[in-house]
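Residue numbers (the UniProt record's numbering), protein chains in the order written: chain A, 1 to 333; chain B, 1 to 333; chain C, 1 to 333; chain D, 1 to 333. Ideal Cβ placement from N, Cα and C applies to all residues, glycine included.
There are 4 protein chains.
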Amino acid sequence: MRFFSDNAAPVCPQVMQAMAGVNQIDTAYDGDRWSKSLDARFSELFECPVRALWVPSGTAANALALAALCPPHGGVVCHRDAHIQNDECGAPEFYTHGAKLMIAEGNGAKLTPDGITDVIDAIANDVHRIQPHAISITNATEYGLVYAPDEVAAIGALARARGLGLHMDGARFANAVAHLDCHPADVTWRAGVDVLSFGFVKNGAMSAEALIFFDTALADLTLYRRKRAGLLLSKGRYLAAQLLAMLEGGLWLANARAANAGAALIARAAGARLVHPVQANEIFLRATPEEAALLRARGFDFYDWAPGEIRLVTSWDQSAEAIRPLADAVAAL
Amino acid sequence: MRFFSDNAAPVCPQVMQAMAGVNQIDTAYDGDRWSKSLDARFSELFECPVRALWVPSGTAANALALAALCPPHGGVVCHRDAHIQNDECGAPEFYTHGAKLMIAEGNGAKLTPDGITDVIDAIANDVHRIQPHAISITNATEYGLVYAPDEVAAIGALARARGLGLHMDGARFANAVAHLDCHPADVTWRAGVDVLSFGFVKNGAMSAEALIFFDTALADLTLYRRKRAGLLLSKGRYLAAQLLAMLEGGLWLANARAANAGAALIARAAGARLVHPVQANEIFLRATPEEAALLRARGFDFYDWAPGEIRLVTSWDQSAEAIRPLADAVAAL
Amino acid sequence: MRFFSDNAAPVCPQVMQAMAGVNQIDTAYDGDRWSKSLDARFSELFECPVRALWVPSGTAANALALAALCPPHGGVVCHRDAHIQNDECGAPEFYTHGAKLMIAEGNGAKLTPDGITDVIDAIANDVHRIQPHAISITNATEYGLVYAPDEVAAIGALARARGLGLHMDGARFANAVAHLDCHPADVTWRAGVDVLSFGFVKNGAMSAEALIFFDTALADLTLYRRKRAGLLLSKGRYLAAQLLAMLEGGLWLANARAANAGAALIARAAGARLVHPVQANEIFLRATPEEAALLRARGFDFYDWAPGEIRLVTSWDQSAEAIRPLADAVAAL
Amino acid sequence: MRFFSDNAAPVCPQVMQAMAGVNQIDTAYDGDRWSKSLDARFSELFECPVRALWVPSGTAANALALAALCPPHGGVVCHRDAHIQNDECGAPEFYTHGAKLMIAEGNGAKLTPDGITDVIDAIANDVHRIQPHAISITNATEYGLVYAPDEVAAIGALARARGLGLHMDGARFANAVAHLDCHPADVTWRAGVDVLSFGFVKNGAMSAEALIFFDTALADLTLYRRKRAGLLLSKGRYLAAQLLAMLEGGLWLANARAANAGAALIARAAGARLVHPVQANEIFLRATPEEAALLRARGFDFYDWAPGEIRLVTSWDQSAEAIRPLADAVAAL
């Protein structure tokens, strides 16, 4: 059974159905009625006027967001273990035309105001040094930890004080909100986030993420950058439809809750083996190679994260019943 | 009725079905069995070993192709009316890191060896001038003309003689092959084409184009560029499935033939109004504003191409019966 | 005798002396007293507050100027024969990260409002097309013609009306001002120019051009771009000294007048052979290959510009006496 | 007295004289006889065929070198304290079009094979990770330490084994060779270095560094990149003349020996205060703010490097007599 990555999960039936529902003649690119409705629908969700653009991947969303916040000669503070630093083959550098990621430290891939100031206060304010222009945080983090609204707000306040933009990589934003049980606004614009990569693909969509601009002035130029990057798909209505289906009836939140619940089940079974608290849908636990082999022999598929450490990721489609065997197997180790 | 663009057509049922057919758990990115089969399937189609990468848009395919053929300090010869020059918001410049498109002339957006040498022979061979590194042609062209194998071969021979790469923008490659009734190899690698953007989205697919490397050595670096551009979708199997469905039973060719047939019907009706011979699925015809208004009043939707000139595009899903009313209306003008 | 290019002329004695005069210990980069005085000295010259940066080449000045005026996804309107289009190996594309030069036409490499609107009015205002962000004109032009203040002002008014920045490539700005006998402000900021590449190297300096920002807000970011491009030389005082020496006592204008006077002498001798009116220090004249060979046989060095056309360039160091033999030889053809 | 930076030193009389010696009419750019002689002169110096290009700054030399060794989607391993990482405002990222600097550790800003493999072995070989393409080391390092031939050779062997290019930032290469008392070939190409930024500006030149390609195949493309960056100065003969003057009679080595000797004098006085062994012309020593103030009060100018640590740099023009007072003052602290 797959616990390798939520990327590998199937697409949610409601999303498949919504795509079939727009399989008709309509205007190309983002001129169709569904694409045009995204601003309104996401503004409603976030209770403030936003600009919402579909993009076909989370890497594209992140890179476009950073390009909107940071000039080529600037820097973006992020965590050493951030996806933008390690897993996007330099997409931020490509889209920003060479901006530099400035590495900060923090437990569980979480940044703190102190960790950020450690980095930026060490940068002399002269033209020889790349100057910071933005901060990027991931919620939930790469280790499945969740920033609470006040934690984001503290970083948001620092960003404003220093004149930096704030981006949130929300590849698992839904899982974070599900864990926090807060309004999505509380952990984004109300806490100072300027741009959000709102992930849907890991959570039931097929090929559509939402790039949300709370600083709406940044959206217009991004339309050009999206086109220029080959990301403005001509049949954009199929992407819009995915997002609308995920918003409909709170599907995005329900799916995330399901994935989180599965992770919680495993976490309880893992107990002291846990490397990080489990707050979203990722579980990092200590396991010897022998133990890992044992789990694999029982049909569970997952990632060897580090020596003596494995990563399990649950998905929207895995019920408690489906997960129980893994939980039991982990408990029995 | 829509004659605005083949981009606006619906997705072909076989493609929708194929996507549903891969809606299961599988490896992410391009590690799934369908993505992995593309090299073999396209090699079979082209009767030579090729590397075939899915990409979500034609603009992305073109830009990645040019980046593989031309360094940042180089130039790409293309027609003044080429899509890469006019309709991609600078994607070639973005992906190549600033290479220059070198504008050549030719009737019906078609390049000729003479038109190309006019451009490149005027470039002094010194470091002050950007040097040409590649040629890009579009088949069928932006005006619906089709390069025959010997026309491509003449350009291919020139390219080889001058040490230039040859890219074919095949957004409507299927329509070209349908018109030529030749083997797809005849008008590509056998004629000297190094890289082909093989379009499927205008022809019945949803969000997958194929980037075909006949010069297979260029493919490996492109894998990095594709990822770095945010184009390596995590659920790549849904893109692979689209391409496989389009290849299955020659659907790509059948669809293109249908679209071409519709265009031929209108072309016959248009007679002397035609601005260009109709070879693929685009019809450019002379029409006064009043005539255009008349057609629109009868429910036909299309593009005003230039003063006194309109563009009609037929699609895979339009039967002869569906098109007859437009043909009649055009004849009656 | 050299009439090949003013680039090949020696450095003016006053400039050599000024460089010797700063050959002492001082702060590095642009922190020295001479570099720091540039803003004030050029503000005085232009009778308005400007920011003035030394850069080591005209290509660098132009490219930095365009990068300040145009985003990566934008376009710059320039003449088909502009230096930035033909002779800088893509420096504008490199510094702007891929902006596009949009080619306009005009006699003698001179743009007009009509020639510019022909280009920009043809660009649909959508994300598929690169949008114009700036205009670049060269004064004196690549063919030695000079824009008068009202000609620049007409373009400046157009630029403002369309929200475009206006750059002047002034590689031979001094020659233009000498010809116009106007205040340098009249043909720059008073006529709507935002950024000027003020050339000194062709006019007696060694390795220092001035990049003048009339729109001073653009200067700060350019400081970072200059450093990032490796153009912030550590011993910058030797560049500042060159510029200060050229300003001292109006040397820049005196040198340009000398060069222009030489050109006028040849122009009078050339009479009906002239391809363009001679207004600055370049002479383009019709000459058969035999005539060209004859001139060369008499020791005159110059450039074959086009079939049946040669280019002669006079320099600051060539006195009327030195030039007379060439004038006589031309007259005798 | 200045111990702030060798950048602030005057230009060597022989260099000034050489520049005056080429103040005559000659071909522009790098077509003059002096520029053309550089390949031969540096090939002689290094006892192997090299390509030698003048560039006006060390930052430009480094960035061009890295662009020759690393594609936009690649990475360059360098030390956390490398000049390319901290002091060039992102020039490597600009010239490489967004390659990533991969930070390695090592005492005194010195890399070791182990420090490098720690970095590159942690990078999974897939398209999600930026892959290393080059290593860049600085000799003498940013802390004044010198890599001996065998130390470079160990890194060179690693580079070859892993298919990586090897760049040496030799801003103070002369000081390194002076310390090692070895042949310049021993610590460069014989040890596996592909490209060397050979610094002259800190050592008596004005505005010319040499970019040396031991892998001569890389030089041709760099000619285009140099032009494209605005670095191909039109009066290039004044740069060539500087380099030739520095080579003449081993001036480069004599100057470096003088600077090193001064540093050694201070090092002996500093004794246990030294933070790093003094091998070239930089001295890092522990000093309280009061002690630093005391030195400054006596007229010595220098850089506060870190809390409780100051940096003193000696230059080619400072004789033992000139330095003695500082040495005495340090000893008396």
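Cα-Cα separation between residue i and residue j, rounded to whole angstroms
{"i": "residue 103 of chain D", "j": "residue 112 of chain B", "result": "50 Å"}
{"i": "residue 380 of chain B", "j": "residue 177 of chain B", "result": "For residue 380 of chain B there is no data in the structure shown, the boundaries of chain B being 1 and 333."}
{"i": "residue 212 of chain D", "j": "residue 188 of chain D", "result": "10 Å"}
{"i": "residue 239 of chain A", "j": "residue 180 of chain B", "result": "35 Å"}
{"i": "residue 97 of chain C", "j": "residue 278 of chain C", "result": "36 Å"}
{"i": "residue 47 of chain B", "j": "residue 258 of chain B", "result": "25 Å"}
{"i": "residue 329 of chain A", "j": "residue 225 of chain D", "result": "59 Å"}
{"i": "residue 61 of chain D", "j": "residue 45 of chain D", "result": "19 Å"}
{"i": "residue 33 of chain C", "j": "residue 237 of chain C", "result": "8 Å"}
{"i": "residue 106 of chain C", "j": "residue 155 of chain C", "result": "13 Å"}
{"i": "residue 175 of chain D", "j": "residue 256 of chain D", "result": "5 Å"}
{"i": "residue 78 of chain D", "j": "residue 285 of chain C", "result": "56 Å"}
{"i": "residue 110 of chain D", "j": "residue 145 of chain D", "result": "7 Å"}
{"i": "residue 216 of chain A", "j": "residue 65 of chain A", "result": "12 Å"}
{"i": "residue 308 of chain B", "j": "residue 100 of chain C", "result": "29 Å"}
{"i": "residue 303 of chain B", "j": "residue 30 of chain D", "result": "53 Å"}
{"i": "residue 242 of chain B", "j": "residue 204 of chain B", "result": "9 Å"}
{"i": "residue 198 of chain D", "j": "residue 53 of chain D", "result": "10 Å"}
DSSP state of residue i mapped onto helix, strand, coil
{"i": "residue 51 of chain B", "result": "strand"}
{"i": "residue 274 of chain C", "result": "strand"}
{"i": "residue 286 of chain C", "result": "strand"}
{"i": "residue 238 of chain D", "result": "helix"}
{"i": "residue 310 of chain A", "result": "strand"}
{"i": "residue 196 of chain C", "result": "strand"}
{"i": "residue 257 of chain A", "result": "helix"}
{"i": "residue 66 of chain C", "result": "helix"}
{"i": "residue 22 of chain B", "result": "coil"}
{"i": "residue 252 of chain D", "result": "helix"}
{"i": "residue 233 of chain A", "result": "coil"}
Paired residues, beta bridge with residue i - DSSP
{"i": "residue 100 of chain A", "result": "A:75"}
{"i": "residue 131 of chain C", "result": "C:74"}
{"i": "residue 303 of chain C", "result": "C:311"}
{"i": "residue 33 of chain D", "result": "BP columns for residue 33 of chain D are empty, so no partner."}
{"i": "residue 2 of chain B", "result": "B:301"}
Residue i burial status per 10 Å Cβ neighbour count (16 or more: buried)
{"i": "residue 141 of chain C", "result": "buried"}
{"i": "residue 57 of chain C", "result": "buried"}
{"i": "residue 36 of chain D", "result": "exposed"}
{"i": "residue 68 of chain C", "result": "buried"}
{"i": "residue 51 of chain D", "result": "buried"}
{"i": "residue 150 of chain A", "result": "exposed"}
{"i": "residue 289 of chain D", "result": "exposed"}
{"i": "residue 321 of chain C", "result": "exposed"}
{"i": "residue 210 of chain B", "result": "buried"}
{"i": "residue 124 of chain D", "result": "exposed"}
{"i": "residue 10 of chain C", "result": "buried"}
{"i": "residue 26 of chain C", "result": "buried"}
{"i": "residue 298 of chain D", "result": "exposed"}
{"i": "residue 317 of chain C", "result": "buried"}
Proximity test, residue i beta-carbon vs the ligand GDP heavy atom, cut-off 6 Å
{"i": "residue 311 of chain B", "result": "With respect to the ligand GDP, the structure shown offers nothing to examine, as it has no ligands at all."}
Quiz item: Could you give the uninterrupted runs of the alpha helix (DSSP H) lying entirely in the segment 198 to 228 of chain B, keeping only those of 4 residues or more?
Solution: 219 to 228
Self-check item: Continuous beta strand (DSSP E) assignments of at least 3 residues falling wholly in the segment 134 to 193 of chain A
Solution: 165 to 170
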